[in-house]
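Novice: Quick one: the structure is below, questions incoming.
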Amino acid sequence: MGFAPPGRVRNINGKSVCPEGEYVLYWMTAQRRTSWNFALEHAVAWAKKLRKPLLVFEPLRAGYRWASVRVHQFVLDGMMDNARRFADRGVAYFPYVEPQADAGKGLLAALAERACVVVTDESPAFFHPRMLTAAGAQVATQVDAVDSNGLLPLTASTTVFKTAFQFRRFVHAQLPDHHPVSPVANPLRGTRLPRLPKLPASVTRRWKPTDIARLLRSAAPLDQFPIDQSVSAASVSGGSAAASERLTAFVSHRLAEYAELRNHPDSDAASGLSPYLHFGHISAHEAVHAVLQAESWSPDRVNPGARGRRSGWWGISESAESFLDELITWRELGYNMCALEPKYAEYGSLPEWARATLEAHADDVRPYVYSLEEFEEARTHDALWNAAQRQLLTEGRMHNYLRMLWGKKILEWSPSPELALEIMIELNNRYALDGRDPNSYSGIFWVLGRYDRPWGPERPVLGKVRYMTSENTARKLRVKEYIERYTSHRPPSRATNRPPRAS
1 MGFAPPGRVR NINGKSVCPE GEYVLYWMTA QRRTSWNFAL EHAVAWAKKL RKPLLVFEPL
61 RAGYRWASVR VHQFVLDGMM DNARRFADRG VAYFPYVEPQ ADAGKGLLAA LAERACVVVT
121 DESPAFFHPR MLTAAGAQVA TQVDAVDSNG LLPLTASTTV FKTAFQFRRF VHAQLPDHHP
181 VSPVANPLRG TRLPRLPKLP ASVTRRWKPT DIARLLRSAA PLDQFPIDQS VSAASVSGGS
241 AAASERLTAF VSHRLAEYAE LRNHPDSDAA SGLSPYLHFG HISAHEAVHA VLQAESWSPD
301 RVNPGARGRR SGWWGISESA ESFLDELITW RELGYNMCAL EPKYAEYGSL PEWARATLEA
361 HADDVRPYVY SLEEFEEART HDALWNAAQR QLLTEGRMHN YLRMLWGKKI LEWSPSPELA
421 LEIMIELNNR YALDGRDPNS YSGIFWVLGR YDRPWGPERP VLGKVRYMTS ENTARKLRVK
481 EYIERYTSHR PPSRATNRPP RAS
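Quick note: the sequence shown uses the working numbering, first residue 1, plus one each step.
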């Protein structure tokens with residue numbers, strides 16, 4: 001255990017370490033966990049080298065776009081896990097949940113004033129890049145952003161890959177060098193660091209640490225916060241403990257049938273790890289480790305001749321290969337796009353062929369046209385689509401295969417492809433627990449042609465963009481129980497006073 005690999009560390013402000021500081025500060029923003037975390041490992045290494053206490057600062061903002069009870073509750077579950085685990089290891093922990101938008105402005109700078117060095121999480125999507133740039137300019141000491149996003153570091157390539165096949169070939173070529181270099185499972189185990197006697201009084205007078213346990217014990221813990229109250233908490237709990245339980249259950253009971261059942265909505269055979277990966281409650285390294293361990297894998301089973309193929313490269317079961325392809329190839333393909341294409345969330349980032357064919361069919365008559373509100377409230381003519389939308393509304397997730405169909409129908413039933421993109425982003429990011437994630441943007445833009453190729457025959461509205469129908473889906477897959485289950489789900493009533501859209 002030591003400092004994170006150089007390819008995963010970026011000094012974001014070009015400044016130097018201040019050895020006379022009082023502590024090492026880990027500003028936890030994207031990898032919200034105490035295990036399998038390069039950034040926490042890096043912070044511990046600095047604390048050991050400098051012989052200073054470690055202070056972990058984990059904030060939760062109120063003013064970002066799509067902030068809701070659903071997102072807050074999931075993150076708070078994780079903060080509760082972290083509070084327990086840091087207390088067990090004698091590490092100072094400062095959780096801060098903003099009572100009002102911008103109430104925490106200046107808090108990071110105030111904590112950093114006394115820090116030897118600041119360590120934080122590298123994250124390429126949503127508001128994180130702008131936030132890191134702004135923070136680096138405000139902090140007088142060195143700020144190391146550490147990449148714990150995936151098996152490959154974001155710096156592994158300077159190329160934006162256009163297809164999953166191209167990226168998979170690259171992954172297979174690079175993994176033998178990067179996969180063995182994993183974060184340690186428990187960077188705090190056996191660590192003896194000086195204890196921080198107390199938090200700076202000049203800080204706590206203005207910004208009181210949030211008592212997470214007390215907040216969660218209250219009858220309506222999130223009613224007081226200026227967030228979207230109409231998006232209620234999901235039924236699944238957040239946090240590293242819940243994530244580890246879900247991973248164990250998946251590997252033990254569902255992995256063996258993953259390849260066969262993953263596309264059948266009635267089976268619900270997916271891992272359910274996506275929200276936990278999004279909020280950093282679990283690491284991709286940990287998930288890969290669990291799967292390979294269950295498969296009794298060793299490096300000599302890799303088949304170089306299968307480079308670029310969906311299966312056969314790892315030399316493990318078909319189901320395990322399929323799951324790792326989703327977890328590594330498709331997930332990290334989205335991170336590659338977000339890290340290297342600043343306009344990854346804009347319509348203009350689509351492949352030229354996709355924009356050309358959609359433009360050529362822009363004036364085609366749509367079989368149905370629905371508004372954002374009609375889509376949101378699952379008021380279309382299509383029972384399968386409505387069921388998928390109701391699952392999103394009520395549970396904060398959607399079956400993986402149906403998420404593709406969901407997007408294709410929004411494209412087909414919207415007045416323009418540009419508006420369809422806006423609707424998909426709004427619904428996904430507002431309701432999905434894994435919304436705002438690079439992998440979510442991959443799925444949304446795949447609907448419009450990203451990572452795909454032209455398909456024939458050319459069709460109305462979609463042109464050469466891949467076509468999907470609910471009728472074909474119902475013929476190929478088992479959906480009857482799924483439709484029945486979610487037909488009875490009533491979507492929540494629409495809020496009349498949403499908070500303003502802050503960036």
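Glycine included, every Cβ here is placed at the ideal spot set by N, Cα and C.
1) To which residues of the same chain is E471 closer than 7 Å at the C-beta, ignoring the five residues directly before and after it?
2) Starting from W36, follow its DSSP beta bridges and name the residues at the other end.
3) What did DSSP end up calling D382 once you bin it into helix, strand or coil?
4) List the residues that DSSP assigns as beta-bridge partners of R459.
5) Measure from the C-beta of V203 to each C-beta in chain C and report whether the shortest distance is under 9 Å.
6) I'd like the list of long-range same chain contacts for L199, defined as Cβ closer than 8 Å, with 5 residues on each side in sequence excluded.
7) Mapping DSSP to helix, strand and coil, what is T487?
8) Which stretch, first to last residue, makes up the beta strand (DSSP E) that contains A92?
9) Using the Cα positions of G90 and T163, report the straight-line distance between them to the nearest angstrom.
10) Helix, strand or coil: which one does DSSP assign to P59?
11) Go ahead and pull the three-state DSSP assignment for D121.
12) Since R195 is in the beta strand (DSSP E), which residue starts that stretch and which ends it?
13) Looking at I227 and G68, is the spacing between their C-beta atoms short of 9 Å?
14) Within 10 Å of its beta-carbon, does N13 have 16 or more other beta-carbons around it, so buried, or fewer, so exposed?
15) From the DSSP output, in three-state form, read off W27 for me.
16) Who pairs with L54 in a beta bridge, going by DSSP?
17) Looking at the secondary structure, which residues open and close the beta strand (DSSP E) in which V9 lies?
18) Cβ atoms of G435 and G238: under 9 Å apart, would you say?
19) What are the uninterrupted segments assigned as beta strand (DSSP E) that are 3 or more residues long and contained completely in the region 131-217, given in chain order?
20) My output table needs one value for D364: the three-state DSSP class, helix, strand or coil.
21) Measure the alpha-carbon distance for K476 versus V97 and round it to whole angstroms.
22) On a CA-only basis, which of L175, V160, R114 and E41 is nearest N303? Give me that one, please.
23) Report the partner residues of D228 according to the DSSP bridge assignment.
24) Mind checking T329: buried by the 16 CB within 10 Å criterion, or exposed?
25) Buried or exposed: K343, going by 16 or more other Cβ atoms within 10 Å of its Cβ?
26) Provide the residue span of the alpha helix (DSSP H) that contains F507, from first to last.
27) Where L255 and S311 are concerned, what is the direct C-alpha to C-alpha distance, given to the nearest angstrom?
28) For P6 and D223, what's the separation of their Cα atoms in angstroms?
29) What are the start and end residues of each continuous alpha helix (DSSP H) run of 4 or more residues lying completely inside the region 301-351, in chain order?
30) Decide if the region 101-121 is in contact with the region 10-24; the criterion is three or more beta carbon pairs, one per stretch, under 8 Å apart.
31) Count the C-beta pairs between the region 277-289 and the region 36-55 that are closer than 8 Å, then say yes if the count reaches three, no if not.
32) Which two residues bound the contiguous alpha helix (DSSP H) that contains P438?
33) Count the other CB atoms within 10 Å of the CB of Q31; is the residue buried (16 or more) or exposed (fewer)?
34) Within 8 Å, do at least three Cβ pairs link the region 356-363 to the region 176-188?
35) Quick check: the Cα distance between M1 and A249, rounded to an integer number of angstroms?
Specialist: The answer reads as follows:
1) As a first step, residue 471 is located in the sequence shown; it is residue number 471 there, counting from the start. Answer for E471: no residue qualifies.
2) Mapped onto the sequence shown, residue 36 falls at position 36. Under DSSP, no beta-bridge partner is assigned to W36.
3) Looking up residue 382 in the sequence shown gives position 382. Coil.
4) For the purposes of this step, residue 459 is identified with residue 459 of the sequence shown, where counting begins at 1. DSSP output for R459 lists G463 as bridge partner(s).
5) In the structure shown, chain C cannot be found, because there is only a single protein chain.
6) As a first step, residue 199 must be located in the sequence shown, where it is residue number 199. Correct list, in chain order: L55, A92, F94 and P209.
7) Against the sequence shown, residue 487 aligns to sequence position 487. The DSSP-derived three-state label of T487 is helix.
8) In the sequence shown, the residue the question calls residue 92 occupies position 92. From DSSP, the beta strand (DSSP E) with A92 extends over A92 to V97.
9) As a working mapping, residue 90 is identified with position 90 in the sequence shown. As a working mapping, residue 163 is identified with position 163 in the sequence shown. About 46 Å.
10) In the sequence shown, residue 59 corresponds to position 59, counting from 1. Strand, per DSSP.
11) Here residue 121 refers to the residue found at position 121 of the sequence shown. In the three-state scheme derived from DSSP, where H, G and I count as helix and E and B as strand, D121 is classed as strand.
12) By 1-based counting over the sequence shown, the position of residue 195 is 195. R195 -> no beta strand (DSSP E), and no H or E assigned at all.
13) Counting from one through the sequence shown, the residue named residue 68 turns up at place 68. Counting from one through the sequence shown, the residue named residue 227 turns up at place 227. One detail in the question is off: residue 68 reads as Ser in this sequence, not Gly. Yes.
14) As a first step, residue 13 must be located in the sequence shown, where it is residue number 13. With 16 or more other Cβ atoms within 10 Å, it is buried.
15) Stepping through the sequence shown from its first residue, residue 27 is reached at position 27. Note: W27 maps to strand in three-state DSSP.
16) Taking the first residue of the sequence shown as position 1, residue 54 is located at position 54. V24, per the DSSP bridge assignment.
17) Residue 9 sits at position 9 when you count from the first residue of the sequence shown. Unbroken beta strand (DSSP E) run through V9: V9 to N11.
18) Here the question's residue 238 lines up with position 238 in the sequence shown. Here the question's residue 435 lines up with position 435 in the sequence shown. For G238 and G435, no; Cβs fall outside 9 Å.
19) Within the region 131-217, the complete beta strand (DSSP E) runs of at least 3 residues are 143-146.
20) In the sequence shown, the residue the question calls residue 364 occupies position 364. Looking at D364 - three-state DSSP - the assignment turns out to be coil, as it is neither helix nor strand.
21) Locating residue 476 in the sequence shown gives position 476, where the first residue counts as 1. Locating residue 97 in the sequence shown gives position 97, where the first residue counts as 1. If you take the alpha carbons of K476 and V97, they lie about 46 Å apart.
22) Indexing the sequence shown from 1 puts residue 303 at position 303. The residue with the shortest Cα to Cα distance from N303 is L175.
23) Looking up residue 228 in the sequence shown gives position 228. D228 is bridged to S68.
24) Within the sequence shown, the letter at position 329 stands for residue 329. Buried, by the Cβ-count rule.
25) For the purposes of this step, residue 343 is taken as the residue at position 343 of the sequence shown. Under this definition K343 is an exposed residue.
26) Any property of residue 507 remains undetermined from this structure, which presents the chain solely from 1 to 503.
27) Along the sequence shown, read from residue 1 onward, the residue named residue 255 stands at position 255. Along the sequence shown, read from residue 1 onward, the residue named residue 311 stands at position 311. Using only the alpha carbons, I get a separation of about 15 Å.
28) If you number the sequence shown from 1, residue 6 lands on position 6. If you number the sequence shown from 1, residue 223 lands on position 223. Going by the C-alpha atoms only, they are around 44 Å apart.
29) Considered as a whole, the region 301-351 harbours 318-324 and 331-340 as its complete alpha helix (DSSP H) runs of no fewer than 4 residues, in chain order.
30) yes
31) yes
32) Position 438 of the sequence shown, counting from 1, holds the residue named residue 438. That run of the alpha helix (DSSP H) goes P438 to V447.
33) Counting from 1 along the sequence shown, the entry for residue 31 is found at position 31. Per the 10 Å Cβ criterion, buried.
34) no
35) Taking the sequence shown and counting its residues from 1, the one referred to as residue 1 is at position 1. Taking the sequence shown and counting its residues from 1, the one referred to as residue 249 is at position 249. One C-alpha to the other measures close to 29 Å.
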